[in-house]
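Be aware that the sequence shown starts at 1, since it is given in UniProt numbering, and climbs by one per residue. All residues carry an ideal CB built from backbone N, CA and C; glycine is no exception.
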Amino acid sequence: MNCGETWPPVDVVPSTESSTDDSDDEPTTPALFPLQGTEPQIGLKDRNHLSATYTGSETDEPNSHPAQLAKAKSSETQQATAELRHRLRHDKSILVVVLSENALFAGTQGGEILVFSLDTYERTTVIEGYRGSVLGLCLSQDESLLFSTAGDRIINVWDTKTFKRRYHLFSSYDVGDIFCITYSSKLETLYVGLQNTAIQWYHLGGKPTKDRPTLHEHPLWRTDHPFYDSPGPGGVRTPRPALEDIRARDATGGQALEIPENNIQHFAHYGYVYCMLLEQDTFSGNSDGEVLITGGGDGIISVWRLGQDKGGRPEKLFSLHDDREEGQSILSLAMDGTFLYSGRSLGEVNVWDLETKQLVRSLKSHRGDVMSVCIGGGFLFSASVTGYVRKYDRQHQVAIRFQAHEGKTLSSAFKTHKDRAIYVTGGNDHTIAVWDVSDCILAPAVLKKNTYEQMLESLRRFVSYRTVSSDPKYKGDCRRGASYLRSVFKSFGAATEMLPTEDPCNPIIFARFRGNPATAGERKKVLFYGHYDVVAAENDSGKWNTDPFTMEGINGYLYGRGTSDNKGPIIAAIFACAELTAQQSLGADIVFLIEGEEECGSRGFAKAIRQHKHLIGDIDWILLANSYWLDDRIPCLTYGLRGVIHASVQVDSSHPDLHSGVDGSAKLDESLKDLVVLLSTLAGRHGEVKLPGFYDPIPKLTKEEGALYNDITQALISRNPGLGDSSELAASLMRRWRDPSLTIHRFQTSGPDNATIIPRTAKAALSIRLVPNQKADSVAQVLTEFLQDEFAKLESNNRLTVTIDHQAEPWLGDVHNQIFKTLEEAVMDVWGPVSDSTDRRLSQSSVPPLKIPKEAGDSYFATTKPSPTTSSALASGSILTPDIPTSSPRKAATTDTSASQSQSPRKLTHQTSMDLAKDTNVSLPEPAESSPTDDANTTPVPQSSSPSTQPPLPTSATNRRRKPLYIREGGSIPAIRFLEMEFNAPAAHLPCGQASDSAHLDNERLRLVNLYKSKDIFRRVFRDLPCR
């Protein structure tokens, strides 16, 4: 790869001496392939215990001269390091990677070709093309064709838009494994390097030189296979398996082509042909021509001229070898200008000048085979089976050295993607690592990070602060996190202050982005509310897969505490404002209020806001983004939240803790016994709350709201029939969202924790979830009076204390107001049209219509207790759906479809909030139709495809837009109703995350696509809302 500058400089003196830099040792690793002329060495000495920042050559002997070590260490401390941008996990080794303008292609040991987006790191497609390992990949110059080879002697050519096979080629010879492939777009000819020491080629631009091959000529069916051709005991041959058992799933279709017998260069090397390059002939006087460079197991590099008038037949120009008898294999090649770099077995990288045909330098880079070398930005990258990568500068000095994989690094590639240099490695630890090596850009002074990179960097730093509001030991981290957030606002030109709260509460960050000065007299004001505090996250038990406070990108998701709740959405909103400000397109003032006590009930928030209301000013709309979709597929808008009352009920006795065997008596007023009897009066059968007038204010279910529930059930059940009857599902959602509830959380007693103590004090914590029209103050008063009255009926000598610890009002938004309509349009625009799945398990028309009860309370206390549909069920689907482990999303979809179809309908069982999210990895949901409340011209809601599991749908599928699902939630956000009442402004709620984000749980995450699209939604809302 030529990156604009030839290196090493032409004045470098040719030398065959090895480099003398030094570092801590890498473990010696045996060769991956059998190598001619070498024997792998196993079990060399242990690592040297050197500084982690010391990065010289791991190949030097332990007695290297101290001056050399000091020199290497001194020069190294001035260099940057590679930053891991994202890690993609699979279940097989990654043998080869290749990069296009927007995609990453990876060949695996399992015969799959994985396709990832370079923008979002979503796994967009899985091609099951082979039964054997994928050994070679390359792209045509226009990136319209992907060529692949493997250990089953088949060459496949794939269309990079449809990922359907166009051609599959095979040889009439028993060539063995096909290790490498390259393609000349100029000659329309592909070349392959073979295990049988030969090179073969095929001209795709002409007509086939042979009639369509017969089945017995195909490698999968021929009987010349060395295993199947060998008779067993008694002369009996092993029967051939059926064709469908030996052909990979996607290895169908396309034109079958047999490589002509004369399109072969026998004995191109005296060993396996491991690697090849196709380059312009810039060194032999034929600048219009191309040359093929190959490396083999004989330790020789051969350079071949490609004859344009001979169908691309290679003719050897010359060979390069260092005259060493051991003949270390050439495993990888890279070229820059006229300089050729070869990675060899046992750790050497040779630098050749093709004009003089001289060996310029031999770098002892690693203690194991150099599996990949590539050039990028004027640097040389070498990757070894030791797992380490070394980056050399133009003077062949080590710039950085880092461990790319826990096992062997088997492949690598370099690409400048959207003005950012990335280096991608694949290893046998089943991962692909994407490294940011932006210092490779030759003009760093003009290097600018794009918006997404800045956003990720800001979020990464934001997550690193342990802003745990519930633990006083993190008070300093909370302050530092708040200060960092304020610095982000300042960097984009926002006016910002830190609003103090009553001690020991964390401060509130106030910031204002002012709109376009041209609209100063009529600017509207939008208030964005969020919180920078998080719940505690410790990894002492090892339940987290990553450090909770070090954000890591894995398989298209950002893992870390706060990524979803609520730091990710905050950063997205800030960057949306920054973009509009930079373009002078911000027509409103955007006011941010980011508190640090939300996870502790928003302590001190209301008081601080009232004290600084003059600073905040008037507000027209309120927006927050602090929740999640109903599943992992369909975008949602939240229009309702329940309120909450947290209370403590304590019964105290005048006597101390007693022993039940000594003092126990039927006439003794025991505090715990009184507390249990008292709490039993709060609820009846099936959860009915017994407080007087408790249900009176609750409004009846309207036809309009019922239509919203119908939209939800249609969307969910069409994707997952195992969720059961639509009416029962809707009733379950209503019980969680629009019905109040009472929960007793825990008991505490005084005295030792053993079974013989009569405690002096017994205490219980309870909560009541409220719904709109219920007032928290009124219900709290009724609760207190009711408990006191019921306790008096016990005629106990003990004392009762009822304490209201916290309360928050319920909230219900107006789905027809301006901010909700603006959000709806923005969600539809950003998430775009959705393709209907052609293999959906249940069509929309087959979902039974929803039967809405006449009143919301009709089904509260039925004689038969209904089973709840909890948030896990809505995140993952019915537990009746089998959990199928899959390495291929399309295969998973097919398998699960047949499984679900074979099940008979069953009654909805107890499900938890992760079930729908798991199921979203199995099949695409059917978009719900527009609700009856929609305008006639409104189309259905868009949905996003899963980042790591769903392949692109057929292009013939019908694309439709659809409205987001309008949902309510059973949780509470204390600030939202307070802000509405304080500023007399309507509020709306945009969920940014998916149901499987695991907020408050281990391994919290946010999908990269959701972060990017949330920023785009905020941008549209902040731009368009003032115009309404």
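Three-state class that DSSP yields for residue i in the structure shown
| i | result |
| --- | --- |
| residue 933 | Residue placement at residue 933 is flagged as unreliable, the pLDDT there being 36, under the threshold of 50; the coordinate-derived value follows with that caveat. Of the three classes helix, strand and coil, the one that applies to residue 933 here is coil, per DSSP. |
| residue 488 | helix |
| residue 507 | coil |
| residue 973 | coil |
| residue 665 | coil |
| residue 544 | coil |
| residue 614 | helix |
| residue 989 | strand |
| residue 201 | strand |
| residue 362 | strand |
| residue 686 | helix |
| residue 339 | strand |
| residue 754 | coil |
| residue 474 | helix |
| residue 294 | strand |
| residue 697 | coil |
| residue 193 | strand |
| residue 1049 | Here the chain has residues from 1 to 1028 only, and residue 1049 is not among them. |
| residue 452 | helix |
| residue 166 | strand |
Spatial neighbours of residue i in its chain, beta-carbon cut-off 6 Å, leaving aside the 5 residues before and after
| i | result |
| --- | --- |
| residue 159 | 166 |
| residue 500 | 507 |
| residue 112 | 126, 128 |
| residue 264 | 198, 200 |
| residue 812 | 640, 772 |
| residue 736 | 970 |
| residue 762 | 651, 671, 672, 675, 749 |
| residue 474 | 466, 468 |
| residue 966 | 637, 639, 708, 815 |
| residue 905 | Residue placement at residue 905 cannot be trusted, given a pLDDT of 36 that sits under 50; what the coordinates show is reported in the next sentence. Around residue 905: no qualifying Cβ. |
Cβ-Cβ distance between residue i and residue j below 8 Å
| i | j | result |
| --- | --- | --- |
| residue 123 | residue 553 | no |
| residue 539 | residue 547 | yes |
| residue 1041 | residue 987 | The displayed coordinates of the chain run from 1 to 1028. Any statement about residue 1041 would go beyond what the structure contains. |
| residue 975 | residue 628 | no |
| residue 355 | residue 283 | yes |
| residue 492 | residue 592 | no |
| residue 378 | residue 394 | yes |
| residue 577 | residue 170 | no |
| residue 184 | residue 306 | yes |
| residue 357 | residue 318 | yes |
| residue 481 | residue 532 | yes |
Extent of the continuous beta strand (DSSP E) to which residue i belongs
| i | result |
| --- | --- |
| residue 108 | 103-108 |
| residue 748 | 741-749 |
| residue 499 | 495-499 |
| residue 355 | Per DSSP, residue 355 belongs to no beta strand (DSSP E) and is neither H nor E. |
Those residues which DSSP pairs with residue i across a bridge
| i | result |
| --- | --- |
| residue 621 | 526 |
| residue 403 | 388 |
| residue 766 | 647, 744 |
| residue 482 | Per DSSP, none; premise fails for residue 482. |
| residue 819 | DSSP output for residue 819 lists no bridge partner at all. |
| residue 123 | 116 |
| residue 554 | 87, 557 |
| residue 348 | 364 |
| residue 276 | 294 |
Own chain, CB closer than 8 Å to residue i, minus 5 neighbours either side, in chain order
| i | result |
| --- | --- |
| residue 135 | 95, 96, 107, 149, 150, 151, 177, 178, 179, 180 |
| residue 1054 | A query on residue 1054 cannot be resolved here, the shown segment of the chain reaching from 1 to 1028 and no further. |
| residue 693 | 782 |
| residue 678 | 649, 651, 787, 790, 791, 794, 800 |
Element boundaries [alpha helix (DSSP H), containing residue i]
| i | result |
| --- | --- |
| residue 706 | 703-719 |
| residue 465 | Careful: residue 465 lies outside any alpha helix (DSSP H) and carries neither H nor E. |
Sequence-distant residues of its chain with Cβ nearer than 7 Å to residue i (five each side left out)
| i | result |
| --- | --- |
| residue 418 | 450 |
Any C-beta of chain B under 8 Å from that of residue i
| i | result |
| --- | --- |
| residue 153 | Among the protein chains of the structure shown there is no chain B, as only one such chain exists. |
Residue i CB to nearest heavy atom of the ligand ATP below 7 Å
| i | result |
| --- | --- |
| residue 455 | Of the ligands one can find in the structure shown there are none, so the ligand ATP has no counterpart to examine. |
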